[in-house]
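Visitor: Quick one: structure below, then a few questions.
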Amino acid sequence: MAERKKERVQILRQEEIAPGIYSLWIDSRRIAAAKAGQFISIYSDDGSRMLPRPISICEIDREHGALRMVYRIAGAGTAEFSRKQAGDSLSVLGPLGNGFPLKEKKAFLIGGGIGIPPILELAKQLNCEKQLILGYRDSHTFLLDEMQAQGEVFLATEDGSLGTKGNVLDAIRENGLTAEVIYACGPTPMLRALKAYAEEKQMECYISLEEKMACGIGACLACVCK
333 MAERKKERVQ ILRQEEIAPG IYSLWIDSRR IAAAKAGQFI SIYSDDGSRM
383 LPRPISICEI DREHGALRMV YRIAGAGTAE FSRKQAGDSL SVLGPLGNGF
433 PLKEKKAFLI GGGIGIPPIL ELAKQLNCEK QLILGYRDSH TFLLDEMQAQ
483 GEVFLATEDG SLGTKGNVLD AIRENGLTAE VIYACGPTPM LRALKAYAEE
533 KQMECYISLE EKMACGIGAC LACVCK
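Quick look at the structure:
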């Protein structure tokens, strides 16, 4: 892995796009080139909160040197980030992680909850037939218009307010969908179920986990999971 160092970057714009969900664009001209599926570690300006918050990359604007992150307020650190405005700055480390391999095969692009944002950039980069399966808690969807511009979208909601009532696997089965490869990001129970589904169907499967971590590069082993 290329050497990474903490950088101070400027916020270009930020807005709340759903209750408690924020879209954050940062100037990335001082950050190494990013790939779909990677993430950025963002540091709090409060010295009492030492560990950064890992936030997945939602979009990459290479022409203007900008990165978009979409995140949910989950505690004091992310609440602090949400109060930032255009012109403010953040300390970041990244991009980190391996990113998704880009296969030219018929694909399921699956996102659950706050695991949905990294699926957008992946959908933009994949040159293949793709079906986007998105799981939300309820009708408070986010990024849906952007996703629909990238391919056919199937929804699952826990309360049944939109699409299939249930989870993303319920949506796949209800709509009779098929593919050769799975890309997924979301909560661990969803990913475990997709792993089992991929094994049953003998499909390639690439998953990105939502994990708390410290260093972000695998040295401290805090993020390691089976």
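Positions 333 to 558 (this note's numbering) are the ones given, in order, by the sequence shown.
All C-beta atoms in this analysis are idealised placements derived from N, C-alpha and C, irrespective of residue type, glycine included.
As the structure is a prediction and not an experimental result, all values here were calculated from the model.
1) Would residue 474 pass as a contact of residue 398 if the rule is Cβ separation under 8 angstroms?
2) Around the C-beta of residue 419, are 16 or more other C-beta atoms found within 10 angstroms, so that it is buried, or is it exposed?
3) Based on the DSSP output, what are the partners of residue 489 in its beta bridges?
4) Quick check: what's the CA-CA separation for residue 495 versus residue 486?
5) What do you get for residue 520, buried or exposed, if any count of 16 or more other CB atoms within 10 angstroms of its CB means buried?
6) Pull up the CB-CB distance for residue 392 and residue 401, whole angstroms please, since I reckon it's below 8 angstroms.
7) Confirm, please, whether the CB-CB distance from residue 444 to residue 513 is below 8 angstroms.
8) What are the uninterrupted segments assigned as beta strand (DSSP E) that are 3 or more residues long and contained completely in the region 397 to 441, given in chain order?
9) Taking one C-beta from the region 403 to 414 and one from the region 364 to 371 each time, how about it: are there three or more such pairs within less than 8 angstroms?
10) Could you tell me the distance, in whole angstroms, from the CA atom of residue 457 to the CA atom of residue 492?
11) Classify residue 462 as helix, strand or coil using the three-state DSSP reduction.
12) Report the option in 510, 433, 488 whose CA atom is closest to the CA atom of residue 539.
13) Secondary structure at residue 370, three-state DSSP: helix, strand or coil?
14) Looking at the secondary structure, which residues open and close the alpha helix (DSSP H) in which residue 451 lies?
15) If you follow the alpha helix (DSSP H) that residue 339 is part of, which residue opens it and which one closes it?
16) Can you tell me whether DSSP reads residue 524 as helix, strand or coil?
17) So, under 8 angstroms CB-CB, residue 461 and residue 438 are touching, yes? Tell me the CB distance rounded to an integer number of Å.
18) Residue range of the beta strand (DSSP E) that residue 477 falls in?
19) For residue 333, count the other beta carbons within 10 Å of its own beta carbon; 16 or more makes it buried, fewer makes it exposed. Which is it?
20) Check residue 538 in the structure and name its three-state DSSP category.
21) From residue 463 to residue 375, what distance separates their C-alpha atoms?
22) Suppose the cutoff is 6 angstroms on Cβ atoms and the five residues either side in sequence are ignored; what does the same chain contact list for residue 342 look like?
Guide: With the structure as the only source:
1) no
2) exposed
3) 468, 497
4) 7 angstroms
5) exposed
6) That pair is no contact at about 11 angstroms.
7) no
8) 398 to 404, 421 to 428
9) no
10) 31 angstroms
11) strand
12) 433
13) coil
14) 449 to 457
15) Unbroken run through residue 339 is the beta strand (DSSP E), 339 to 350; no alpha helix (DSSP H).
16) helix
17) 5 angstroms
18) From DSSP, residue 477 is part of no beta strand (DSSP E) but of the alpha helix (DSSP H) over 476 to 480.
19) Bear in mind that a pLDDT of 44 at residue 333, under 50, signals an unreliable position, so the model cannot answer this.
20) strand
21) 35 angstroms
22) 359, 421
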